[in-house]
Amino acid sequence: MIERLRKPWPDHRAERLLGAVSLLITAGVVAMVVFVASRAWPLFEHNGVSWVFGGGDFEAEVNRMTAATTNPAAAVFHLRAWPLIYGTLITSAIAVVLGLTIAVLSSVFIVELAPARVRRIVIPMVRLLASVPSVIYGLIGILVLVPFVSNNLVTTHEKVSLQSTVQLTGGGLGVTAVILTIMITPIMIALICEALSSVPPSWREGAVALGLNPLRAVRAVTLKAIRPAIVAAAVLATARAIGEAVMIQMVSGGKTFIPRPGDGVAFFFEPLRTLASAIVDYRDGLNSPALGAAVYGFALLLLFSAFALSITGYLVKLPLRKYQTRG
Amino acid sequence: MSWRWGDRLVLVAAWTVGISLCVIAAAIVLYMGYRGIEYLRPGLIFSRPSADQAGSGGFLDPLLGTIILTVIGIVLAIPLALSSAVWITEYGRPSWLARVVESSIEIVAGTPDIVIAIFGLAIFQTSLFAPFSFTAEGGGVYGNSFIAAGAMMSLLALPPIYTATRDGLQAVPGHQREAAFALGKTRITTIRRVLLPSVRSNIATGATLGISRIIGSTAIVLLLLGSTLRIEAQGSFPGINVLRGTGSSLTSYIYENSPAGEGGAPQKAYAAAFLLLIFVLLLNLLVDRIGRAHADSSGLAPIGAVV
Amino acid sequence: MHRIRRLSVALTVAGVVGVAAPVAASATSLVTISGATSSYPLVQLLASKYVKLHPNKVRFKITQGGTTVGINNVKNGSDTIADVAQEPTSADAGLDFYPIAKYAICVVTNKSNTLGNLTEKQITSIFTGKTKNWSEVSGATASGPIQLITRTAVAGVLTSFKSLLLEGKSVAPSATEEATEGLMRQQVESTPGGIGFLSNYQADKGTVNPVAANGVACNKTTAASGQYPGVAVFFEVTKGPATGGAAAFISWIDHSGAAKKIIASQWVPIG
Chain A
1 MIERLRKPWP DHRAERLLGA VSLLITAGVV AMVVFVASRA WPLFEHNGVS WVFGGGDFEA
61 EVNRMTAATT NPAAAVFHLR AWPLIYGTLI TSAIAVVLGL TIAVLSSVFI VELAPARVRR
121 IVIPMVRLLA SVPSVIYGLI GILVLVPFVS NNLVTTHEKV SLQSTVQLTG GGLGVTAVIL
181 TIMITPIMIA LICEALSSVP PSWREGAVAL GLNPLRAVRA VTLKAIRPAI VAAAVLATAR
241 AIGEAVMIQM VSGGKTFIPR PGDGVAFFFE PLRTLASAIV DYRDGLNSPA LGAAVYGFAL
301 LLLFSAFALS ITGYLVKLPL RKYQTRG
Chain B
1001 MSWRWGDRLV LVAAWTVGIS LCVIAAAIVL YMGYRGIEYL RPGLIFSRPS ADQAGSGGFL
1061 DPLLGTIILT VIGIVLAIPL ALSSAVWITE YGRPSWLARV VESSIEIVAG TPDIVIAIFG
1121 LAIFQTSLFA PFSFTAEGGG VYGNSFIAAG AMMSLLALPP IYTATRDGLQ AVPGHQREAA
1181 FALGKTRITT IRRVLLPSVR SNIATGATLG ISRIIGSTAI VLLLLGSTLR IEAQGSFPGI
1241 NVLRGTGSSL TSYIYENSPA GEGGAPQKAY AAAFLLLIFV LLLNLLVDRI GRAHADSSGL
1301 APIGAVV
Chain C
2001 MHRIRRLSVA LTVAGVVGVA APVAASATSL VTISGATSSY PLVQLLASKY VKLHPNKVRF
2061 KITQGGTTVG INNVKNGSDT IADVAQEPTS ADAGLDFYPI AKYAICVVTN KSNTLGNLTE
2121 KQITSIFTGK TKNWSEVSGA TASGPIQLIT RTAVAGVLTS FKSLLLEGKS VAPSATEEAT
2181 EGLMRQQVES TPGGIGFLSN YQADKGTVNP VAANGVACNK TTAASGQYPG VAVFFEVTKG
2241 PATGGAAAFI SWIDHSGAAK KIIASQWVPI G
């Protein structure tokens, strides 16, 4: 038996073994969905899909769930988690919109405008930003940015006028959005730069030959040509942004609240929570039957959003393949 | 040639943005460096944290924890990634199955760390997986251990290694395979003896990117490693008892010492963060070196390899 | 080359067997404890002393998470003992509560705010959000809006605080919530207009200003004599009667002189 294993394997056996190992990954993905969904089931059983809507006092509902220890009554499972979803959407939206603008400008800068010496510095810097762990971003946020905002940017007038609704402690939408933008921009820069340098230079040269200045040539020709890459970059960055948990939990102010644009500048100082940061916040309470189901429900929602974005990204990148000049 | 004002504005904006990014990156490194040099002492690296209080003692245990997790993660990820990359590029029949496997890996790549961590909890807290952590006196499976966290870390490292290996295999010219077949080699032998050795540097790049992701992950450690400051082994089988035990990593140590965790010791947090940043920078340089040895067209491609 | 491969196969098999093998009956039993952050320092000290005096009998694994988290963990069996800082309620049927010490809940303000005393009425009015500004509080040296700091819902100290010093009312919903006593203390330390509440162990550390209640200072002496109104109990809680290593530990706390010395150092012994 050992002798048979030791001889060089015939192709079909090797193929089947390798295929089986590869299928383990698919099995893992399926298991991921099944296990998370089964633990999240009580949340859906008692709320249907309407737990993503708003209208209740989220903090009170969570308190009720935390306190419920065994066999909770059906009323305990009632949850309206819209504040979390709003928090996820608004932080990701601000970060992706800001980040995409910065990424496109930087990519044009790196590929078209920067002299070689400057490019040799900028590229490693961008790669550095991409690889800094999120907990270090969170550390700088909570030790430097949050006290700065609290001491210098939030006025006493704002604190007093909002006192009965929410306390402003410095952490909140502004700091979260700024750091999240810095975190997701390098990913977009990498993708867009790769796409920019894959566009045949003859296209741009043709435009310049027709009388456009170099920058306009880029705008008119190259940027339009890499539209799929820009969309793919935005999709990828969105997936990263909605999944960011630890950094947001550190700097977002620790209170579930829907920031109100009507409050003027204070809108950026109001605390919030996202789906991912809520999972980190409530991670000790997973043994409580009601709260545990809710947290698994948040994870399931994130999982499906990531799926959907993944599929969108894949579909959008398909037309991009025709621009890749190398194998 | 004179440019219109709009174009000049965009030019200025592009330059500003490009330089600002460098300034931000430099500021982060310099600030962490300044704080790190202020607080990092060699003694900290080699002393163990005191068992009861976050913030006293050093961070030898978290450092060891990071290393153990990285080893487990890479050891589990490499066979999975290589097998799938080889199977998809060299065999891949039926093709719909290959599509399915490739999509699964893309899904794993796009799943947030925190969801992978939750998934790990859901699995390792079932009684089937009880041997991989430990069971408390009341009968509940704890679900937190180095094995649990390490297994989930392998899911983080899997996509970079897979993508890098697959791209490398696809780039090997067809005539190398044909030459081997002409000499009478089977496909699997060709893979073992010809193709895999030639993509060694791709595998190395992928693995380095994977290690980078593993050492930077906090969510999985917070949920799956049991948040004990020191490495606490379970059971009595030497070696395995550490794997089944709980501990911490550099990332969870930073988190616990910051105002978001137990607080108390931002100096220790800065010191550990500086150490972590140095590791990440070194890994970055390593990827650079490997990448330069096999010239890529765009210097930013390795980030794209994570996609 | 073949020898290496055979050796690695053998090692892998041994490793797999080692992992899958049933937990070897070790001489030491493992007692896992989780729960209140307020009693964590006390339980940590007691456990270390117990292990020193009775080596190789019991191993402890102590985490925190808050009173309610501990109760949930004990109920579903993943922990042996829960540290609890509040009185048992009707939801805790089936659990056994063993009191180990008493503690005082002190209202605390930032060090720069040398507020000396608050009546119970004032405490209620401030924490429910009726009194909003430091200018309305006589004796306070802080100015501006009052920044309320409270604990998250899992805290036993919060439940005890509400029933003892807040006339049963709830803290204003706009208050900042902190997950542990350590974080509460830090937040009060760094917020000049802040006010919160801590167990006397944390309040005595000298970094915050403890406020007297109804004219009675908040420390372990006034708590022991019964003068201070806000005194609550630390419990060790098990599912059903404590057995094995947990029972030995709890009975040691009850009877041993060394345990009583530890409790009396910063807390109040059970009468």
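Residue numbers (my numbering), protein chains in the order written: chain A, 1 to 327; chain B, 1001 to 1307; chain C, 2001 to 2271. All C-beta atoms in this analysis are idealised placements derived from N, C-alpha and C, irrespective of residue type, glycine included.
Bridge partners of residue i, per DSSP?
i, result
"C/K2111", "According to DSSP, C/K2111 bridges with nothing at all."
"C/L2095", "C/K2239, C/G2240"
"C/Y2103", "C/A2232"
"C/Q2147", "C/G2194"
"C/L2118", "C/A2213"
"C/S2199", "C/I2105"
"C/A2082", "C/S2034, C/V2237"
"B/G1057", "B/P1049"
"B/T1066", "Beta-bridge pairing links B/T1066 to no other residue."
Closest to residue i by CA distance: which of the options is it?
i, options, result
"A/A93", "A/W82, A/L286, A/R240, A/V34", "A/R240"
"B/D1061", "B/L1223, B/E1232, B/V1108", "B/E1232"
"A/W51", "A/I142, A/L180, A/L300, A/R283", "A/L300"
"C/A2213", "C/V2231, C/Q2202, C/T2089, C/I2253", "C/V2231"
"B/N1284", "A/A130, A/F257, A/G254, A/G253", "A/A130"
"C/Q2064", "C/V2058, C/T2089, C/N2073, C/Y2040", "C/Y2040"
"A/M183", "A/V126, A/H12, A/I25", "A/V126"
"C/A2101", "C/S2199, C/A2248, C/T2207, C/P2210", "C/S2199"
Any beta-carbon of chain A closer than 9 Å to the one on residue i?
i, result
"B/Y1039", "no"
"B/T1186", "yes"
"C/G2156", "no"
"C/L2286", "Here chain C comprises residues numbered 2001 to 2271, so residue 2286 of chain C is not present and cannot be evaluated."
"B/A1014", "yes"
"C/T2119", "no"
"B/R1166", "no"
"B/G1299", "Bear in mind that a pLDDT of 42 at B/G1299, under 50, signals an unreliable position, so the number given afterwards is only what the model happens to contain. B/G1299 counts as touching chain A."
"C/E2181", "no"
Within 9 Å (strictly less), CB to CB, does residue i reach chain B?
i, result
"C/V2023", "Any reading at C/V2023 is ruled out, since the residue's pLDDT is 36, under 50, leaving its predicted position unreliable."
"C/Q2186", "yes"
"A/P289", "no"
"C/K2205", "no"
"C/T2032", "yes"
"C/G2018", "For C/G2018, the predicted model reports a pLDDT of 45, less than 50, meaning its position is unreliable; a value from the coordinates is still stated below. Yes, C/G2018 counts as interfacial toward chain B."
Kindly indicate if chain C contains any beta-carbon less than 9 Å away from that of residue i.
i, result
"A/S92", "no"
"B/S1227", "yes"
"A/G264", "no"
"B/Q1267", "no"
"B/G1247", "no"
"B/A1305", "The pLDDT assigned to B/A1305 is 42, lower than 50, so where the model puts this residue is not dependable, and the model offers no usable value."
Quick check: what's the CA-CA separation for residue i versus residue j?
i, j, result
"A/N151", "A/M247", "21 Å"
"A/F304", "B/P1160", "22 Å"
"B/I1334", "A/E112", "Here chain B has residues from 1001 to 1307 only, and residue 1334 of chain B is not among them."
"C/V2051", "C/A2259", "12 Å"
"B/A1272", "B/S1217", "14 Å"
"A/V231", "B/I1278", "33 Å"
"B/G1291", "B/L1282", "14 Å"
"B/N1202", "A/V135", "28 Å"
"C/S2135", "C/L2115", "12 Å"
"A/Y296", "A/V62", "14 Å"
"C/A2142", "A/P261", "31 Å"
"B/T1190", "B/V1071", "29 Å"
"B/L1225", "A/T169", "31 Å"
"A/V104", "A/I189", "7 Å"
"C/W2252", "C/L2030", "17 Å"
"C/R2185", "A/V175", "24 Å"
"C/V2023", "C/V2211", "Bear in mind that a pLDDT of 36 at C/V2023, under 50, signals an unreliable position, so the number given afterwards is only what the model happens to contain. C/V2023 and C/V2211: Cα-Cα distance of roughly 52 Å."
"A/H157", "C/G2193", "14 Å"
Enumerate, from N- to C-terminal direction, the unbroken alpha helix (DSSP H) stretches of 4 or more residues contained entirely within the segment 132-214 of chain A. For the segment 132-214 of chain A, whole alpha helix (DSSP H) runs of length 4 or above, ordered along the chain, are 134-140, 156-161, 173-198, 201-209.
Runs of alpha helix (DSSP H) wholly within the segment 2018-2078 of chain C (minimum 4 residues, chain order): Entirely contained in the segment 2018-2078 of chain C, the alpha helix (DSSP H) runs reaching 4 residues are, in chain order, 2040-2053, 2067-2075.
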